[in-house]
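Residue numbers (this note's numbering): 37 to 1151.
All residues carry an ideal CB built from backbone N, CA and C; glycine is no exception.
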């Protein structure tokens, strides 16, 4: 046994095993098909003979385990993956185990992406404006959001293998292609604008703190808006140059970017350590960074050399540079600015130290209007409220209006980047362990850094310095740099290189994310961006990314770009939380994350925080982001490729459907909610193609009432042998439904005969309360031909079953003449012949049809029939009142049908009909019975032509029994006749139970001529005119006919004459369909009645109600 097991493992577990050669889908669970010879050789001697026929769908365990072990974690659709499937050497290369652990693969990349430009350029300003408490609240909210998102992401990432693709892959596979594509695009845009933000931060550090002289648009001597515009233009010029350079670097050598990542991370870490070292140093040796104040206003340091109005040089008092800024001359008697004259100059330390107690001053927020003075709290100043504002450009001014929600939008990008670890899942040694640990540890570390920074900055630095965004009051130094040890340049260069590295990382990651989305094929217009260089580099995606990034560069303001990318990242994080919550609440069997420290409540809290932060940052940006995501969602839904990824939205649909079905089970719908839920019975030809496609056109035109549509078809045979035919038929139905734009379900039933299959569809269609209440079936064509007789019987059985099941029935005759969905009727009428009340179906159907563009221009006319004892004028008034209450616009006409004698033509049609019925009946006898019947009829007929012969007793008895059956069992049928029985023409039928031989003779003569003539047996509709003429010259045989049939034929003929007269030019005629015979003997007669009733009409829709009211006058 051990040897066999070893053999099995060696034979099927290796990399060259046939079982792993080329898998269907990108999955190790399905083996490729092999030839029978290979299969028998492969499993020979391995005790697998019992299962060798199932190996295509059920692989051996050893083969499965080998496939799992060799499974590659590459991004779906990547070039390397395609090569790996076709190239064994490439496959061996990709199978090598990744070498990155938790620290190098997740923790450090997350740290590098989270700690960035906002920390160095805006954190001190946020603390100064928002106060320690307000800023701590912002940091706590944002860090809590990312922590909760990381918990949800860890649960999703550890629920199976996550190929490289990060949040896009996780969301799309959890929430479906629509949400995945929408959020993937949002994440892509967020990453792209993050690149723009990092580049703008890089340029800000370069032009303000490193080489201010490099500015293209000089700012010296400019004030207010002009200076601001010059700064923004400089940002645009240098930003475009840097963006172009970075794009070239990424295009030429992305591997160098990855190699420099650790260098950039080292700059970030050193800068942070320098800040902490500087904070510690301030406790015993605060640095000397004086700030000059005039009154309580902060002065710009570039306008003075000494913080004083005058200085003593020997015995003389000499004015300073500051004096000359505010006065019109350097002399002491010069005219000076009023505020300068009334207030004293003072100097404070910008960094008093952590033990100075400055925290109390910085505890609360100090929001400022744009161009307001940066004032020291607690200092008094003499200010004339009526005096004009002068020399404002000599003071440090607020560059933007600040408020709490603005601070949230500016700060949030500093906590993004938590997806960096999941984006590298393909390079991790154990992704399911490393991603949760590394990501949560990185968020915890960075959250500690941010929260401690808030308190440390508030405790060490004076408020006027914190609110000085560009360090204009401290000699143009970076504010956080003034705190660093040993030198401010550590922070300046460290932050410069870190922003450069972060920008390169964004320009590297964003195109690959777009390429992954494009190669998934869910957004058709993005497919071009799935292509790239021969090595898989996304060239076109990089070009688009650079163009979108340039939009952020042209905005030019770091504070304006930050809220934009905050929106996109928050939306992405919101859907990560939603995915985790849904999967947890739905309890899908495949939801088995290795990470156990998650809960649906935490995910919902994280989602709520994301949504709250979106609207806190900027409500209009939030709406724009949602509109973009919504448009992408709808675009994918309507135009994108259909993907089945086992997503959670499908689970929601199932749960919602189950809930709705259970609610529908509570009782039948109210009349106001009734709408046609149609089961369309389609016929198939020998090639499993649909026979009457216009049935679906009519279905589409009837679906203005929405509701359920089931398109059913039947395949004759056994299920095991005919399943491929059923699948082909189902594909034909679906294809036709798509072309006719019919939204519904297709269902193909296989049964030993078509009659049973149709019955199964009528009985079992739908589910629970969502079942069909109406059946649509085409009128049987050529039903008089013997070879089509079974279709006629099937049709009548459908009529019987729908009546028994209380289902409405719609039967379009001449379905090929019905309009397609592309046709338009510019005029015409839809005529309704309301003979008996059917619950309102005849009223409702024209209304629904006129909602469709095909019938919209047609007008509705309603005809009803009045008998001799009816008041036709009152009937018309009542009908018009009824239509008024039904809110239906229609012309009304009451047609009077007077009693008349039954014509000879009616008797002729009835006689021919009964003879045809008898012939068809005999054609279905067994061979021996047919021979006996023919011989019996022949013997009787020969004697009855010339004389009365007692030897015809046998034939008389057989005919008498048949007539008794017809007369006795047909009697109850009077209840379902076209016109009420009491309005029928009173006729005294002669009892058919005692016919005289003279009366039988011509009948049997005709019978003999049909049975002897082979051609007429094959086509019983053909009747010899001479024979009919001779036969009807003998009046007595009319009295031998079934008088019920005569009466019905008479009414069908008379009603047809009226309908043809009134509605021959109508585009569509709807009329009540008479009920079927309750026994099996009069089926052919029933079809004849329908033929006579609808003769001469182009389009007829026969309608039977379902036994309940479907239209109401009440609101």
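Reduced DSSP category for residue i - H, G, I as helix; E, B as strand; rest coil
i	result
residue 842	coil
residue 631	coil
residue 1132	coil
residue 921	helix
residue 271	helix
residue 891	coil
residue 986	In this prediction, residue 986 has a pLDDT of 42, which is less than 50 and means its spatial position is unreliable; what the coordinates show is noted afterwards. Residue 986 falls in the helix class under three-state DSSP.
residue 1089	helix
residue 248	helix
residue 624	coil
residue 833	helix
residue 399	coil
residue 295	helix
residue 1108	strand
Whole-angstrom distance between residue j and residue i, CA atom to CA atom
i	j	result
residue 541	residue 598	17 Å
residue 1133	residue 1108	15 Å
residue 814	residue 794	13 Å
residue 769	residue 738	18 Å
residue 776	residue 869	29 Å
residue 225	residue 581	8 Å
residue 355	residue 382	16 Å
residue 1083	residue 851	29 Å
residue 166	residue 600	21 Å
residue 608	residue 614	10 Å
residue 496	residue 387	6 Å
residue 790	residue 697	30 Å
residue 274	residue 318	36 Å
residue 229	residue 506	23 Å
residue 152	residue 691	44 Å
Nearest neighbour of residue i, chosen from the options [CA to CA]
i	options	result
residue 689	146, 618, 666 and 706	618
residue 294	539, 493, 469 and 474	539
residue 405	391, 396, 193 and 437	437
residue 246	852, 478, 321 and 511	511
residue 1137	842, 735 and 764	735
residue 448	765, 172, 264 and 428	172
residue 550	758, 1139 and 221	221
residue 453	499, 596 and 602	602
residue 806	777, 746 and 320	746
residue 711	1106, 810 and 730	810
residue 922	185, 304, 577 and 1145	1145
residue 323	308, 465 and 517	517
residue 1104	894, 253, 715 and 240	894
residue 862	195, 826, 1141 and 892	892
residue 628	195, 145, 1129 and 155	195
Unbroken beta strand (DSSP E) run spanning residue i, endpoints
i	result
residue 736	That residue, residue 736, is in no beta strand (DSSP E); its alpha helix (DSSP H) goes 730-738.
residue 1140	1136-1140
residue 899	895-902
residue 718	714-718
residue 929	927-932
residue 383	381-385
residue 866	865-870
Enclosing alpha helix (DSSP H) for residue i [first to last residue]
i	result
residue 168	159-193
residue 214	213-240
residue 526	524-556
residue 655	655-675
residue 515	515-519
* Give, in chain order, every unbroken run of the beta strand (DSSP E) that is at least 3 residues long and sits entirely within the segment 565-616. => none
* Ordered list of beta strand (DSSP E) runs contained in the segment 748-809, each at least 3 residues -> 781-787
* Going along the chain, which unbroken runs of the alpha helix (DSSP H) with 4 or more residues stay wholly within the segment 410-463? -> 440-447 and 456-459
* To do: Counting only runs of 3+ residues fully inside the segment 310-368, write out the beta strand (DSSP E) ranges in chain order.
  => 326-330, 346-349 and 352-355
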